[in-house]
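Chemist: Chains as they are written, first to last, in the working numbering: chain A, 3 to 360; chain B, 3 to 360; chain C, 3 to 360.
Idealized CB from N, CA, C, for every residue including glycine.
My questions all concern the structure below.
Encoded structure:
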């Protein structure tokens, strides 16, 4: 079983075809799942990409293995030979994909869908989901159990909201947007005007607009704009527990790793990569194709194509150089001490202020 | 429509009055939303606060603009002249505020409200919300869909819990507390006693007590006290994904930016500002009015009024000085090398140990 | 009432017995809660562990105090004398523990439990919880209101899911697993294959497997494996807002503090401690008993038993040494300047290149 909830049984021949590999062993044997070499059981497909796992192959219980030509394979394990076993694995995974969890046939009787909602064909709304008045749900979109779609929100076609997702009033999702459990789209931006030491709330009347093919991670938060919109461009992928503040604009095909945070009004280009736990100050601009290291703290603009890291973030090469210099600090202190003691001795034999009166 | 879910139509004359500005153009024209200068459409109000956007004004499709006296405004855009366009904008936003999303008329039939609950007048409880026995809900408080209020919890007047909020057993909220979607108030504190390499849970029997006018961000977590209470003072604002551990006490009018974390028993004064992703160790004290930089790691007390940053956090001025010193490290190494070569040459011409026997 | 939702009335004599202490005052008096010395009210038990709170004891309104022998205790407060008042407190807390909040008698009528579910004896499923087809729920397990258990998920005995918890399709929990509100177990791993500048989703077909006696914090996220499983070993404790990526394996009795993040395929040994907001890169190994400081950024393996801190994380002793060296930087610059000026003077009195021609 190897952890696949609704595994399909796949013949080895189909796997060989899929990866363009040759099969050594029975092509009619079937596998029902994929697993790492140590954890694989009978009925599993495994793979050998890293030579350090070669020894483990001898004891694996896997039924078949994706393996490079020429690498020894123990008897009893079917070898599917392919030049790049990891790439082959990625191609094979969809064969086992049980697809998204089923939601409901149409609207579940316990779902609360306002009468003033527009539902496209083949919409599924799960148990105890709530869809408020004025919402528009595109064809084939599925809203799982206990999810919430606010007043006037618009979801495109073939979206999938996992259980417990919140989409706030007026927010707009494109097509094929996938939102993992517990994510919040359209919470209020964090905006307050200080008045005599107290904070008065600035109404957050904007929305969030999410492009096609975006994926949003579990318990991630995207705030609505103070006015106008917070924008996530098409194809962008956002990991779990990411924070995106009001009026941020992220362009297309950008990847934002877990627990990163982006402060208000910052603009991020296309094809950018943000490492885990990175933080971006408000009102900065990150150019297209830039890369921000994990845990970096970005307090100014980052030019297109650059790699920044550290805190405050700077070009990664500089950061590495400084890192190296800091590592040398104890040696620097030793060298200064040596210089000082050399100089202290020097004057006695002719050099130094004390002898100036000579 | 610039992203306002339930926009009102506001005459320009009303805007001019609100900001005490003069109108150039038709005061009877109406705007229905607010948007940035590039994204504004017909029917929107925009503003020009930053001179670098002056060029964009020429091509904006906005109907009206908040703009300083003397700045050129293209024909066809109604100008509302005011000395500080951004401040004017903040004053104008409430005109467009659609207010909090409606929850329900009274208790929704699918809400599960225990019979042993005390409900004030004008309480609204949304679909599939759960309110357990012994809870007390103050007048005008609204509990949105799918929110949860535990046994014996007490909510004051005019609170608003967004969908999916959790308020645990016995926790207490003051008046006008607003809790964004998915926030958790009253999860167990993280307390374990190590016994022979294993961890035995210490019961977390305290509560969380939240003062008036507090706002708590989406998916933020506030743990209940081990015993006694975790306290959030009146007027304090907490952003998304913030973690507040057991027995922390935060005084009034403090602002805690997204993804910050405060470890157990730490005490934070009034009017403090914590930057995003900052972390505070347990059992430290942050004085009134202190300011903690984004991503700072605070491991000791911070005096009132001080600004701390970096890791480990120290006075910001020191941190900047050290930062500058580190930046000079490569130069320092060069200077040491120069000194060393100067000294190496020096002895040959009279100074140095080698000649001492002379 | 010091914040205990369902306080028991406990006679002082019982407390004295429990901690093996002697009682000075009426052993028949009762306390109903525990509170810190400043916040305690009549009917509370307090404790004095830290001498700096001695003054507060004079004005406390507590009924009784856990206090070391010989420390003065004001009249009117019952003293329970014990060598280690804090340890005594930990032993006493369970007396006041109201236990986990009640969930339901059996399956609540508004819960949606598929007919194809296997329920052990004494299972409780709260209002509006959803349990999908093929799930197996062990004896005595309680699933609170609004929680979600996906298709084919397996929960052991005596587990407790708080409201709003998500357990995804096929995930497996051992016995006595406790999951705080809003936690997500089994969200998709963050896996995409870049294809011509776009990201194509790699199906995440694995599961999450959680051992016995694990506790998972509020709004924490544990991703399912790409294939195979993400594993949390028995006895491990995970705090709020922690991120655990696909295919991570955490061994037993490890403690992970709030807001930490562990990237894909990293392996963590047993008895490890991760400080708050720490981040671990993917594919690293943390040896048994290692300790990672708060906010550390770990980018390579950490040997068993070592303490690492800083970014990039290194042995804590080195990090401290570097920290000390950086602190000395301004002094280093001064010393270099002194050396330079000494050398500048030196040549004039006999040393230096300028005189070589002499």
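Give the residues of chain A in contact with residue 249(B), contact being defined as C-beta atoms less than 7 Å apart.
Modeler: The contacting residues do not exist; residue 249(B) stays about 24 Å from chain A at best.
Chemist: Chain C partners of residue 242(B), CB-CB under 9 Å?
Modeler: Under the 9 Å cutoff, chain C gives no residues; its nearest Cβ is about 10 Å from residue 242(B).
Chemist: Given a limit of 7 Å on CB to CB distance, which residues of the region 159 to 177 of chain B reach chain C?
Modeler: Residues 166, 168, 171 and 172.
Chemist: If you scan the region 45 to 107 of chain C from start to end, which runs of the alpha helix (DSSP H) of 4 or more residues do you find wholly inside it?
Modeler: Qualifying alpha helix (DSSP H) stretches, in chain order: 56 to 61 and 87 to 98.
Chemist: Return the chain-ordered ranges of every beta strand (DSSP E) run that is complete within the region 205 to 251 of chain A and spans a minimum of 3 residues.
Modeler: Qualifying beta strand (DSSP E) stretches, in chain order: 209 to 212, 223 to 225 and 231 to 234.
Chemist: Compute the Euclidean distance between the alpha carbons of residue 273(C) and residue 303(C), then round it to the nearest angstrom.
Modeler: If I take the Cα positions, the gap works out to 16 Å.
Chemist: Are the beta-carbon atoms belonging to residue 182(C) and residue 148(B) less than 8 Å from one another?
Modeler: No; because the gap between Cβ atoms is not below 8 Å, this pair is not in contact.
Chemist: Since I believe residue 170(C) is in contact with residue 226(C) (beta carbons under 8 Å), could you give me their beta-carbon distance rounded to a whole number of angstroms?
Modeler: About 6 Å separates the two Cβ atoms, so the contact holds.
Chemist: Beta-carbon of residue 69(C) versus every beta-carbon of chain A: anything under 8 Å?
Modeler: No, its Cβ sits nowhere closer than 8 Å to a Cβ of chain A.
Chemist: Counting only C-beta atoms, is residue 261(A) closer than 8 Å to chain C at any point?
Modeler: By this cut-off, residue 261(A) is an interface position.
Chemist: Do you know how far the Cα of residue 191(B) is from the Cα of residue 53(C)?
Modeler: Their Cα atoms are separated by approximately 25 Å.
Chemist: How many angstroms separate the CA atom of residue 11(B) from the CA atom of residue 33(B)?
Modeler: Whole-angstrom Cα-Cα distance: 6 Å.
Chemist: What in chain C is Cβ-close to residue 112(A), meaning under 7 Å?
Modeler: Going along chain C in sequence order, the residues near residue 112(A) (Cβ under 7 Å) are 114.
Chemist: Measuring CA to CA, which of 162(C), 263(C) and 56(C) is closest to residue 215(C)?
Modeler: Considering only alpha carbons, the answer is 162(C).
Chemist: If we cut at 8 Å on Cβ distances, does residue 229(B) have a partner in chain A?
Modeler: Not an interface residue.
Chemist: Just to confirm before moving on: does the CB-CB distance between residue 1(B) and residue 313(B) stay below 8 Å?
Modeler: In the structure as shown, chain B starts at 3 and stops at 360, and residue 1(B) therefore has no counterpart that could be examined.
Chemist: Can you tell me whether residue 241(C) is buried or exposed? The criterion is at least 16 other CB atoms within 10 Å of its CB, across all chains shown.
Modeler: Result: buried.
Chemist: Does the separation of the CB atoms of residue 124(C) and residue 104(C) fall below 8 Å?
Modeler: Contact flag unset, no.
Chemist: Check the Cβ of residue 245(C) against every Cβ in chain B and list those closer than 8 Å, keeping chain order.
Modeler: Per Cβ cutoff of 8 Å: no residues; residue 245(C) is ~11 Å from chain B at best.
Chemist: Which partner residues does residue 300(B) have in the DSSP bridge list?
Modeler: Looking at the DSSP assignment, residue 300(B) forms a beta bridge with 282(B).
Chemist: Going by beta carbon distance, what residues of the same chain come within less than 6 Å of residue 250(C), once the five residues before and after it are set aside?
Modeler: The answer, listed in chain order, is 232, 264 and 268.
Chemist: Going along the chain, which residues of its own chain have a beta-carbon closer than 7 Å to the beta-carbon of residue 115(B), five neighbours each way excluded?
Modeler: Only 109, 127 and 133 meet the Cβ criterion.
Chemist: Step through the CB atoms of chain C and report whether any lies within less than 8 Å of the CB of residue 334(A).
Modeler: Cβ-Cβ to chain C under 8 Å: yes for residue 334(A).
Chemist: Using a threshold of 8 Å, state whether the C-beta atoms of residue 92(C) and residue 47(C) are closer than that.
Modeler: Taking 8 Å as the Cβ cut-off, residue 92(C) and residue 47(C) do not qualify as a contacting pair.
Chemist: Whose C-beta lies closer than 8 Å to the C-beta of residue 159(B) among residues of the same chain, with five residues either side of it excluded?
Modeler: Correct list, in chain order: 122, 140, 141, 142, 143, 177 and 178.
Chemist: Name the two residues that bound the continuous beta strand (DSSP E) containing residue 187(B).
Modeler: Here the beta strand (DSSP E) through residue 187(B) covers 186 to 189.
Chemist: Taking a Cβ distance cut-off of 8 Å, strictly less, list which residues of the region 14 to 37 of chain A are near chain C, in chain order.
Modeler: Against chain C - using a Cβ distance shorter than 8 Å - the residues of the region 14 to 37 of chain A are 35, 36 and 37.
Chemist: Return the chain-ordered list of same chain residues with a C-beta closer than 6 Å to the C-beta of residue 187(A), the five sequence neighbours on each side being excluded.
Modeler: Excluding residues within five positions, the ones whose Cβ falls inside 6 Å are 169, 173, 210 and 224.
Chemist: Return the Cβ separation of residue 30(A) and residue 200(C) in integer angstroms, given the expectation that the two are a contact with Cβ distance under 8 Å.
Modeler: At roughly 37 Å, the Cβ-Cβ gap does not stay under 8 Å, so residue 30(A) and residue 200(C) are not in contact.
Chemist: Would you mind telling me which residues of chain A sit closer than 8 Å to residue 337(C), beta carbon to beta carbon, in chain order?
Modeler: What residue 337(C) touches in chain A: 338 and 342.
Chemist: Roughly how far, in whole angstroms, is the beta-carbon of residue 87(B) from the beta-carbon of residue 150(A), given that I think they are within contact range, below 8 Å?
Modeler: That pair is no contact at about 36 Å.
Chemist: When the Cα of residue 332(B) is compared with those of 340(A), 307(A), 321(A) and 339(A), which residue comes out closest?
Modeler: When only C-alpha atoms are compared, the closest one is 321(A).
Chemist: When you compare each of 40(B), 336(B) and 243(B) to residue 361(B) by their alpha carbons, which one comes out closest?
Modeler: Given a span of 3 to 360 for chain B in the structure shown, any question on residue 361(B) remains unanswerable.
Chemist: Answer with buried or exposed for residue 120(A), where buried requires no fewer than 16 other C-beta atoms within 10 angstroms of its C-beta.
Modeler: So residue 120(A) ends up on the exposed side.
Chemist: Quick one: using the 10 Å Cβ neighbour count with 16 as the cut-off for buried, is residue 239(B) buried or exposed?
Modeler: With 16 or more Cβ atoms within 10 Å of its Cβ, residue 239(B) is classed as buried.
Chemist: When you compare only the Cα positions, how much space is there between residue 220(A) and residue 261(A)?
Modeler: Distance between the alpha carbons of residue 220(A) and residue 261(A) is about 11 Å.
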